[in-house]
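Let me begin by presenting the structure, written as structure tokens, before commenting on it.
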Amino acid sequence: MSAIVDIGPGTRVGIENEQVDYRLAEACGEKHAHDAALDYRLNRPRGQYGVERIGRGWDAEFDRRPGTTLDSQAEVDEVRAIMAGIHPQTGQVLLKPKLAVAPAAKLGGREFVEAVHEAASRSGITVEQMLAHDEKAAERFARLERVLARRGQTHRAPVADLEQVAAAAGVAMEEVYDAEELAKARAHADDRVEVGCKGRDLVLTRPRTPDALGGLLPEEMALRMDELWMDSVRRGARLLEDWCAYGMAGHHGDGQRARRVDTTGWAATITWHRTTRSIDGGIGDPHFHAHVMVPNLVRCEDGKWRAVANGGRDLYRHCQAISELVLALYRHEVSAEYGIGWEWREKTRQWEMKGFPEDLRRLYCRRSAQIEAEVGAEATPGQRRAAGKRTAGAKVHSTRAEERAFWRQMAEQGGFNVDQVIRDVLGYEPPEDGLGPAGTPPPDEPDLDQVCARVWDPETGATSSEKTASEAQLLARVARACPTGLSDAEALRTLTDRVLASDHAVALPHAEGGPLRHTRRYTSSVIVKAERTIVASATERLAEGVATVPAHQVQEAIEAFTADRGHGLDEEQDALVRRLAGAGHGVEAVVGIAGSGKTTVMDAAHRAWAAAGLSVHGAATAAVAAAKLRAESGMTSSTVAAQEERIAHGSGLEGVDVLVVDEAAMLNDLALADLVVEAGRTGTKLVMVGDPKQFRAIGPGGAFKRVHKLVGGLTLTQNRRQKDPVERAALRIWREGEHATTLAMWAETGRVVATDTLAETYAAMVAAWWTDRAAYANVHDALDGVLMLAATNDQVDALNERARVVARQDGHLEGADVEFWLSRGDRLDLAVGDLVRVRKNDYRQGEEDVLNGYRGRILEVNARRGALVEWRQGSKTTPSWIRPEQIADGGLTHAYALTIAAAQGLTVDTCHTLGLGADAHAAYPAMSRVKKRSTLYLPAAELESEEVHRQLGEARTGEERLDRVITAYHATLVDEDQGMVTDQLDGRSPQDAAPTPVVRLTLEQAHAGRGPTAAEAAPRIEELRRELAAAQERVEAAHTDLVQAAAQTPRRWGRHSAERRVDDLQEVLDRARTHHQDLACQLQQVKAEAVAADVAIARRSAAAPRRPVVRPRGGTPLDPAVQGAPGQHPAQTAPPVAAERSVRRPRHGG
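For what it's worth, the working numbering labels the leading residue of the sequence shown as 1, then goes sequentially.
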């Protein structure tokens, strides 16, 4: 495993850089490089490895020999100087540092842009006309607007630039900014901070079994294994230099292409660390790893010093290939010298030493467990690094002998016979001299067929998740596919060429001449075959006349549907039913946006097919989704996996006239090709229903979208789920590709909560979820009414853990927890009252099936019988026992929070979603699950990069923090279409995507209620006005009744009865007034939120580059009473950031 990390500028002046110092320290946890140099420069003991130089640049440029170590403080300072871009002997600046305006010299850009536009408006001219006399000022202003659109509305600009534009526009800076803030910015106008990358740290690690064995072996043998590892690292580092130690010359862009320039090599270093960070104040785990620190400068053949490897891009691209090669070299050397075997372990996703106990390996993973406890096993490398910094223990001074004694004691206290473990791995007694036994057979040569099978495995290979892989990625895959490793780099090159020449690989057209190395992309022959099969079937089966229904029967089915449902089909749905039942295409594809009623429409279509005597089956990727399809459409349904099993080993689709596949866009092309082939064999009509904008296919996908285009499939565009106009407008704009605008709309209307840390985000989510849950008296209503979602299982576990604490504190859990041991080594605590979810299907004979995705409440739990859980499916409530062995196998988990994927198909009232880790295809279904309101939670520390934070400084207000975290999150929203590789192979360019339309809207239009959200809100506003008028009439009638009763009842009813009647009428009046006030508040809220959302659109529109224009829909302008300041919206019960951006809701009674 490996990682590569940018080394940024230091926080101190000169050559000192704490990030560099850490990588020059000879022990993990050292803070200062000079500590290591002074401690170890003389009489360095065996097994204490110094920082060594590596790279041709040392000899060529600095008169130092590669392979030597840093043995004095002066030599450490030489490396510091090189990392700072300074010649260590002459002091010459080799590469000027990149500087940026200091954060203190910047002011908010949005208010300035609005002031300039306002000044132009007062003059009756455009901004362009106002600045036409000053070309530089006009360019600066245009750039400021573009940056605002890209980075967010709280972007801050240099005061000097703003003053130049202000002078040209006739805008007084004192009227735009607070006097103290303006004075501070002017005082710091000339301040600069250093930014950019000083170098990169490639971290190379061994699997834990060699580390652990090395801590237990006799000293001489352990040292020899260290030497084999170090030699493998050096060989890998030299190859990385061959690949990436180049510079770039010339301009890149505007039709020009920069060229790669050869260099004299780089002056890098390797630092060896024996252990992890300290754990609980003691010695860390055995973890012999290398830090290869590469400075971001090389001397090119033309004599100029330049940045390395195309801005470092090629280092990142080759990081995994070098890591896998180093591991393969090490496996080969260890096998050749000691005859040790290797086995692939899914737990670690690495080749581990055969015979080494898994329990003992885990014993030496305490540091990893610390980090996983902080961020979870599914955390990204960046999140793990951040967690590592937060949990890092101080350095513990220990000798190699002390460490080895401690690790042996750990094993013995864990119940392991250390000598027997060593014999099990080696197969013989370890030799005293540490050398391998004579006559050890050489490692097996890699078997080409086996390597190809691993590299192109459909489930785990290079194209198992994406359709293509670069040559750099395939180099890594090939190295990993060799159990006994590779002898050298040339062996990797030769074997990779053979793999790429095999029938498994298909090379895609490649444009030569780019600066990056190993860029050619490949796909697998299986994917090519699947794509061609799907396209051919969809085309050949057009108008096949399959599963057609006479028009009168279709009409009767629609009328029956309307009578049973109590509502009819809209125009789109009606057209879709008639198309599916009447067109006769063998393959159909239907796109339906979230909330468009895709599954409901299938009920009407099923009725039509059934009326014609056709057999209809349904399928979905998940069992619970299949159950929902069956419940809502009436058709017999199962999982896609069950259908594939029948195709492979049973009757397939024989006897099935129509197969409806729900959520078909999630189906990968290989599975879809199997269905297409079988449907063609049996003459079955295949109807695929899905949405490419939601979850991506599980594996290589993209064919669903192409089929929809080929067959001219219909699209359901009406959102029937969301009741709130802001939700509907925002989701529609999201689908159009304007994710930044949607995020701004959510933020302006209080639907985004920004916190500093992930822990704060968890706390805010659980608190808000618990508040919403309290509104439901019935636990099943609560499960169906409110959701808490996250992208990964680890995040869900963290939310569940915190929610259980609150549930216990509030008395929702009864009795003590019962602990269940899970097969993967974890524990699951369950108590009566716990909310739980099934994670594996349990098909039961003579009982109700319990399916993956079911959620319920525990009624009883004990270690012997398991958990008795009450589920509600539809209107039926059923208790079922989940046995201990099912729980141990991971069949049950807590259900306070769900993954976004697990919530697919659910509709609730409110939803709280953690955005971290959710791309555009996951965020959209997460935020579209609700009928009422969604809230997105974003932790700033996990999203904003250190580089951006260094440039911008600390957020000055809650609004700035919110906008910055939204900008950072937007940068993570990958929304790429996998496309069709056959387009590239056939030289056929897919139709160029139309530019994303931008709604052109001014702030004046937004405040006047003439924006798209206001148009979306108009029907709801009119409905509320009618309800408000009726409520006012009820108030007036109740008031009249009360006045009359007060005057008449004493004479008619007597004093006591009269008082009771007056009290009753007063209560009626109070209720009428409360209802009237509630409606007035709702009306005010809808109006204010619509304006706030449109203000967000207008601000994005003003700063966006000119693209196709979508005029805002018409609609009734909002009342002047709600034409408030930009950003106004009703406040919510939320952390301060959300509240700071909000306006106050009208209070009852006033």
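Every residue, glycine too, gets a C-beta built ideally from N, C-alpha and C.
Cβ-Cβ distance between residue i and residue j below 8 Å
i	j	result
V587	S537	yes
G699	L670	yes
A623	E663	no
L315	A307	no
K931	T907	yes
L1165	R732	Summary: the structure shown does not reach residue 1165, with the chain confined to residues 1 through 1150, and so no result is reported for it.
A619	T639	yes
T682	G650	no
L813	C911	no
A703	W609	no
H318	W243	yes
G108	R156	yes
V165	R192	no
G339	T440	yes
G785	K840	no
V965	L938	yes
C482	P446	yes
Identity of the residues DSSP links to residue i by a beta bridge
i	result
D201	V5 and M293
F820	L828
A740	Beta-bridge pairing links A740 to no other residue.
Q350	R345
L868	E860 and W881
K106	P158
Q873	K876
G592	L716
Buried or exposed by the 16-neighbour rule on C-beta atoms within 10 Å, applied to residue i
i	result
P925	buried
G1127	The predicted position of G1127 is uncertain, since its pLDDT is 33 and thus under 50; a value taken from the coordinates is nonetheless stated next. Flag for G1127 reads buried.
Q795	buried
W1153	Because the chain spans 1 through 1150 in this model, residue 1153 falls outside it and cannot be assessed.
E944	buried
I7	buried
Y428	exposed
P66	buried
H510	exposed
Q978	buried
D909	buried
A605	buried
T399	exposed
Q19	buried
G303	exposed
W821	exposed
Y854	buried
A816	exposed
Next on the checklist: Quick check for students: name the residue ranges of the alpha helix (DSSP H) that lie wholly in the region 888-966, counting only runs of 4 or more.
Outcome noted: If only complete runs of 4 or more residues are kept, the region 888-966 shows the alpha helix (DSSP H) at 920-927, 940-943 and 946-952, in order along the chain.
Next on the checklist: My parser needs the alpha helix (DSSP H) runs of 4 or more residues fully inside the region 491-569; what are they?
Outcome noted: Listed in chain order, the complete alpha helix (DSSP H) runs (minimum 4 residues) inside the region 491-569 are 525-540 and 551-565.
Next on the checklist: Which complete beta strand (DSSP E) runs does the region 230-259 hold, if anything under 3 residues is left out?
Outcome noted: 247-249
Checklist entry - Do the region 468-476 and the region 508-525 touch if we need at least three Cβ pairs shorter than 8 Å? => result As far as the Cβ criterion goes, the region 468-476 touches the region 508-525, which means the pair count is three or higher.
Next on the checklist: Using 8 Å as the cut-off, can you tell me whether the region 74-92 makes contact with the region 277-284, which would need three or more C-beta pairs spanning the two stretches below that distance?
Outcome noted: no
Checklist entry - Taking contact to mean at least 3 C-beta pairs separated by less than 8 Å, is the region 198-209 in contact with the region 347-366? => result yes
Checklist entry - Can you list the beta strand (DSSP E) stretches of 3 or more residues lying completely in the region 44-80, in chain order? => result 52-54
Checklist entry - For the region 224-235 against the region 323-333, are there 3 or more C-beta pairs whose distance is under 8 Å? => result Yes, the region 224-235 touches the region 323-333.
Next on the checklist: Measuring CB atoms only, is the region 956-974 touching the region 509-517, in the sense that at least three cross pairs come out at less than 8 Å?
Outcome noted: Using a Cβ-Cβ distance cut-off of 8 Å, the region 956-974 and the region 509-517 are not in contact, since fewer than three pairs of beta carbons, one from each stretch, lie closer than that value.
Checklist entry - Are there three or more Cβ pairs, one per stretch, closer than 8 Å when the region 761-769 is compared with the region 733-748? => result no
Checklist entry - Are three or more beta carbon pairs between the region 339-348 and the region 487-494 nearer than 8 Å? => result no
Checklist entry - In the region 655-741, which residue ranges form an unbroken beta strand (DSSP E) of at least 3 residues, counting only runs that do not cross its ends? => result The qualifying runs are 658-661 and 685-690.
Next on the checklist: Closer than 8 Å is the cut-off here; do at least three beta carbon pairs connect the region 914-921 with the region 823-832?
Outcome noted: Output reads no: the region 823-832 does not touch the region 914-921.
Checklist entry - When the Cβ atoms of the region 119-134 are set against those of the region 95-108, are three or more pairs found closer than 8 Å? => result no
Item to check | Unbroken stretches of the beta strand (DSSP E), 3 residues or longer, contained in the region 597-642 | outcome: 616-620 and 636-639
Item to check | Completely contained beta strand (DSSP E) runs for the region 735-796, where each covers 3 or more residues | outcome: The region 735-796 contains these whole beta strand (DSSP E) runs: 752-755 and 786-790.
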